[in-house]
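Here my numbering = 1-based position in the sequence shown + 1.
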Amino acid sequence: MTAPALYEIETCEGDDGTMHPAEQVWTPCADGTADHGFIAHQGLFVAGIDGGADDDLYPVGFLVLGHQRWADTIEAAAAYMSRTHGWRDLPLYPDDDPTALIPRIPRAVHTHGVFLRHPHPDHGCACEWDDTWRMVWAPATERDVVPITALRHPAASVTAAGIPNPDTGAPATWAV
2 MTAPALYEIE TCEGDDGTMH PAEQVWTPCA DGTADHGFIA HQGLFVAGID GGADDDLYPV
62 GFLVLGHQRW ADTIEAAAAY MSRTHGWRDL PLYPDDDPTA LIPRIPRAVH THGVFLRHPH
122 PDHGCACEWD DTWRMVWAPA TERDVVPITA LRHPAASVTA AGIPNPDTGA PATWAV
């Protein structure tokens, strides 16, 4: 008996009624990261992630490829916000009330994820999601996983980014 997959590649129906993959597994590499929203900062590749709401103006979390130190992840997240949004400070979102209490910068976690790119190159659908990617958290034992250091934005709610929490048994460990 085989265990069920923890992620599923989306499919679409072709003109002939057969199902085709609408995504492919994508492995980020240095050559293609800038084309997919990552920036390079002191040898680290970082991207912002949204919370899935249509009104997310700024990232609720950050992904850094590979397992990195917590301090390096914070620095990479700040660099991402500076380059992408022209923002010089990490604790608040722009236009937030500076007197609002912001919790400490959350700890980064070492975890793994699978990157899925839309569409599958052989079955392009020319939709608004063409050439975009999504990431699904996965345990290290799952096929096609990429090591990731993830950090929630300090001003985002604890559940906004859905970053795995090692204290709740998620497949992750705290970064040091």
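Built from N, CA and C at the ideal position, the CB exists for glycine as well.
According to the DSSP assignment, THR74 belongs to the alpha helix (DSSP H) that extends over 71-86. Distance between HIS37 and VAL115, taken at the CA atoms: about 15 Å.
For secondary structure counted as the alpha helix (DSSP H) over 4 or more consecutive residues, the region 98-174 holds no complete run. In this structure, the alpha-carbon of ILE50 lies about 9 Å from that of MET136. In the structure shown, HIS21 adopts extended strand secondary structure according to DSSP, grouped into three states. Per DSSP, the beta bridge partners of THR12 are PRO22. Within a 10 Å sphere around the beta-carbon of ARG153 sit 16 or more other beta-carbons, which makes this residue buried.
Under the three-state reduction of DSSP, HIS68 is assigned to coil, being neither helix nor strand. Spatial neighbours of PRO92 in its own chain (CB-CB distance under 6 Å, excluding positions within 5 residues in sequence) are listed in chain order as ILE103, PRO155. When only Cα atoms are considered, THR12 and GLY44 end up about 35 Å apart.
Between the beta-carbon of HIS113 and that of PRO172 there is about 7 Å, and that keeps the pair under the 8 Å contact cut. Contact check for VAL177 against TRP88 fails: the beta carbons are separated by 9 Å or more.
CA-to-CA, the gap between GLY170 and PRO140 works out to about 11 Å.
With fewer than 16 other CB atoms across the displayed protein chains lying within 10 angstroms of its CB, VAL159 is exposed. For THR150, the closest C-alpha among the options GLU143, ALA157, ILE164 is that of ILE164. Ranking ALA101, ARG108, ALA80 by CA distance to the CA of TRP175 puts ARG108 first.
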